[in-house]
Amino acid sequence: MAITSIKNLKEFSTNNDRFEGAHLLCPGCAHSMIVRELMNCTDDNLVLASNTGCLEVSTAVYPYTSWDTSWIHIGFENAATAASCAESMYKARKRKGTLKDPDAPVKFVAFGGDGSTYDIGFQWLSGAMERGHDFTYICLDNENYANTGGQRSSATPVGAHTTTAQAGSVSYGKKQKKKDIVAIMAAHGAPYVAQLAPNKWKSMAKGFQKALETEGPCFINTVSACTTEWKFDPKDTINITDLATDTLMFPIYEIIDGHELNILYRPKNVLKVEDYLGAQGRYRHLFKPENKHVIERIQKDIDEKWELLQRREEARI
Amino acid sequence: MSKGVLATDKRGIRELGAEEKVGWDEVTQGVTLNSFVGESENAAFLKAEERNYNDFNSYTATVASWRIIKPVYNRDICIDCQNCWVWCPDTSIISRDKQMLGIDYDHCKGCGVCVEVCPTNPKSLLMFGEAEETEAALASWPEKKKKEK
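Pasting the structure below:
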């Protein structure tokens, strides 16, 4: 296993990028930051599979490909299946001795957006986790179907305006809570499950390396700020992600073997959720006086979730 | 012209040149795009300038026309912290042997993330209009700002 050094950024930057520019993701998209970081975390050969989503449609626009490794484009829901089947075939061919270079280390990774992870590909992902293949699934969570025009997904948080959960005189946007995918994946008994954010590059790189090293199915949920649908300036991607982690809207933590929870980042000053909401156009309507109760509800949910995480970490169960 | 696309159509599997494009009706089972010419090696051990890119690799394409503002890099102030390298979404910061060398203007989309994450004072990367000359931009670089108390 050739793990690259992540001691500091200077050493990390000596890696050679295997994700090429001139892909067609929006300027300032966090998807490519996360993908680049994953591919720089290791020197091993990578076999990647992508669910349909922003990442897939913008990195393989015929006749161009942005990937310098093996990359499989498959249906909306089954990147987990493709990666796990590639892994099974690799094992089988290794056993039969039909591989050209049987000693070359290979890692299998599947990427999915939140739509294909939380909703459409959920059954396939769950199946692959249960079968226990040695692969890593990375969810690039931008909280809506950004590729098709910003429809609501089950990852969209309470109060957000989307094209199919619109805010106006009748509604305040999405009314339902976000699905807790990390807990669901941990409940599968996966050896490593984590929620990470690109602004904390070191904890993210550590998490990726841990997931790649761990044998068995690993799941990582990453926050991917979407400039187009969250409605903020492209240059602010990292600032918005900073706000997301500092307001604890996205706590960064890992769950090992389905029970041992570690919090990886504790903000020194926990900010109020208004700072995060106010920085994005999709929450603008919440600052009207009649929608004040929604902000209070969001803050209450965050506090409860943070309390639960801290208790679980202390309990060491 | 290098070849590398394998298309499966009614006539069986055949290899296509870059200039020959197949429509969706012709492709029935799958297309393979090869990133590199010839035998592909693990690109992790090759720097971008050592790689033998195929015409199908998006490295050979450009998105420079997306930009209306561009980042300009000032070597004199840079401390090589590599913040811009790790957070550039377009692989457009050229960094070799722990040193930042410059910006790849073929692939930069002008999002401005690199300027936001630059920690120096004044910033060693700033956004200027696309038409502005680099020398003129460097000449108009702002002075060091005093800390506000």
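Protein chains in written order, with our numbering: chain A, 1 to 317; chain B, 318 to 466.
Positions of the beta carbon are idealized from the N, C-alpha and C atoms, including for glycine.
These numbers come from a predicted model, not from an experiment.
Considering just the uninterrupted stretch of the alpha helix (DSSP H) at residue i, what are its terminal residues?
{"i": "A/Ile295", "result": "292–315"}
{"i": "B/Phe373", "result": "Per DSSP, B/Phe373 belongs to no alpha helix (DSSP H) and is neither H nor E."}
{"i": "B/Gly446", "result": "No alpha helix (DSSP H) holds B/Gly446; the beta strand (DSSP E) holding it covers 442–446."}
{"i": "B/Cys431", "result": "430–434"}
{"i": "A/Phe208", "result": "201–213"}
{"i": "A/Thr164", "result": "Here A/Thr164 belongs to no alpha helix (DSSP H), and DSSP marks it neither H nor E."}
{"i": "B/Thr451", "result": "451–456"}
Which residues bound the beta strand (DSSP E) around residue i?
{"i": "A/Asp275", "result": "Note, A/Asp275: premise wrong, no beta strand (DSSP E); alpha helix (DSSP H) at 273–278."}
{"i": "A/Ala194", "result": "192–196"}
{"i": "A/Ile181", "result": "Unbroken run through A/Ile181 is the alpha helix (DSSP H), 181–187; no beta strand (DSSP E)."}
{"i": "A/Thr222", "result": "218–223"}
For the putative contact between residue i and residue j, defined by C-beta atoms under 8 Å, what is the C-beta separation to the nearest angstrom?
{"i": "A/Thr52", "j": "A/Ser116", "result": "7 Å"}
{"i": "B/Asp405", "j": "B/Ser441", "result": "Residue 405 of chain B is actually Cys in this sequence, not Asp. So it is not a contact: roughly 14 Å between Cβ atoms."}
{"i": "A/Ile270", "j": "A/Asp246", "result": "It should be pointed out that residue 270 of chain A corresponds to Val in this sequence rather than to Ile. Right, the Cβ-Cβ distance comes to about 7 Å (below 8 Å), so this counts as a contact."}
{"i": "A/Lys179", "j": "A/Val158", "result": "No, A/Lys179 and A/Val158 are not in contact; Cβ-Cβ is about 12 Å, not under 8 Å."}
{"i": "A/Glu274", "j": "A/Asn142", "result": "Actually they do not touch by this definition, with Cβ atoms about 21 Å apart."}
{"i": "A/Ala343", "j": "A/Thr227", "result": "This structure gives no information on residue 343 of chain A, because the portion of chain A shown stretches from 1 to 317."}
{"i": "A/His133", "j": "A/Ser84", "result": "4 Å"}
{"i": "B/Thr451", "j": "B/Val389", "result": "6 Å"}
{"i": "A/Gly113", "j": "A/Cys29", "result": "Not confirmed; about 12 Å, so no contact."}
{"i": "A/Ala79", "j": "A/Ala110", "result": "4 Å"}
{"i": "A/Ser66", "j": "A/Glu130", "result": "About 32 Å separates the two Cβ atoms, so there is no contact after all."}
{"i": "B/Cys401", "j": "B/Ile411", "result": "So it is not a contact: roughly 10 Å between Cβ atoms."}
Taking only the alpha-carbon atoms, compute the straight-line gap between residue i and residue j and give it to the nearest angstrom.
{"i": "B/Met318", "j": "A/Ile298", "result": "With a pLDDT of only 34 at B/Met318, under the threshold of 50, the placement of this residue in the model should not be trusted; the figure read from the coordinates follows. Cα to Cα, the separation comes out at about 57 Å."}
{"i": "B/Trp458", "j": "A/Tyr253", "result": "41 Å"}
{"i": "A/Gly216", "j": "A/Leu140", "result": "20 Å"}
{"i": "B/Gly429", "j": "B/Arg368", "result": "28 Å"}
{"i": "A/Ser224", "j": "B/Ile420", "result": "24 Å"}
{"i": "A/Tyr172", "j": "A/Thr241", "result": "23 Å"}
{"i": "A/Ser126", "j": "A/Gly278", "result": "35 Å"}
{"i": "A/Met89", "j": "A/Thr98", "result": "11 Å"}
{"i": "A/Glu324", "j": "B/Lys415", "result": "Because chain A spans 1 through 317 in this model, residue 324 of chain A falls outside it and cannot be assessed."}
{"i": "A/Gln166", "j": "B/Asp372", "result": "44 Å"}
{"i": "A/Thr81", "j": "A/Leu48", "result": "12 Å"}
{"i": "A/Thr148", "j": "A/Cys26", "result": "14 Å"}
{"i": "B/Cys425", "j": "B/Ala454", "result": "18 Å"}
{"i": "A/Gly75", "j": "A/Asp101", "result": "29 Å"}
{"i": "B/Pro439", "j": "B/Lys463", "result": "10 Å"}
{"i": "B/Val403", "j": "A/Val170", "result": "43 Å"}
{"i": "A/Asn239", "j": "A/Asn40", "result": "23 Å"}
Going residue by residue through the segment 384–416 of chain B, where are the continuous alpha helix (DSSP H) segments of at least 4 residues, counting only ones entirely within it? 400–404
Counting only runs of 4+ residues fully inside the segment 237–270 of chain A, write out the alpha helix (DSSP H) ranges in chain order. 237–246
Of the residues that make up the segment 144–171 of chain A, which ones have a beta carbon closer than 8 Å to any beta carbon in chain B? none
Any residues in the segment 377–389 of chain B with a beta carbon nearer than 7 Å to a beta carbon of chain A? Which ones, in chain order? Ala378, Thr379, Val380, Trp383
Where in the segment 84–159 of chain A do unbroken runs of the alpha helix (DSSP H), each at least 4 residues long, occur, reported from the N-terminal end onward? 122–131
Just by C-beta distance, which residues in the segment 8–28 of chain A are closer than 9 Å to chain B? Asn8, Leu9, Lys10, Glu11, Phe12, Ser13, Thr14, Asn15, Asn16, Asp17, Arg18, Phe19, Glu20, Gly21, Ala22, His23, Leu24, Leu25, Cys26, Pro27, Gly28
Curious, which full-length beta strand (DSSP E) runs of at least 3 residues does the segment 9–88 of chain A contain? 45–50, 70–73
Using a Cβ-Cβ cut-off of less than 9 Å, list which residues of the segment 350–363 of chain B approach chain A; keep chain order. Leu350, Asn351, Ser352, Phe353, Ser357, Asn359, Ala360, Ala361, Phe362, Leu363
Closer than 9 Å, Cβ to any Cβ of chain A: which residues of the segment 394–406 of chain B, in chain order? Asp397, Cys398, Gln399, Asn400, Trp402, Val403, Trp404, Cys405, Pro406
Below 9 Å between beta carbons is the criterion; list the residues of the segment 38–50 of chain A that meet it against any residue of chain B, in chain order. Met39, Asn40, Thr42, Asp43, Asp44, Asn45, Leu46
Taking Cβ-Cβ distances below 7 Å as the criterion, which residues of the segment 430–458 of chain B are in contact with chain A? Val430, Val432, Glu433, Val434
Residues within the segment 237–268 of chain A neighbouring chain B, beta-carbon criterion of under 9 Å: Thr237, Ile238, Asn239
Quick one: which residues of the segment 88–105 of chain A get their C-beta closer than 9 Å to a C-beta of chain B? List them in chain order. Ala104
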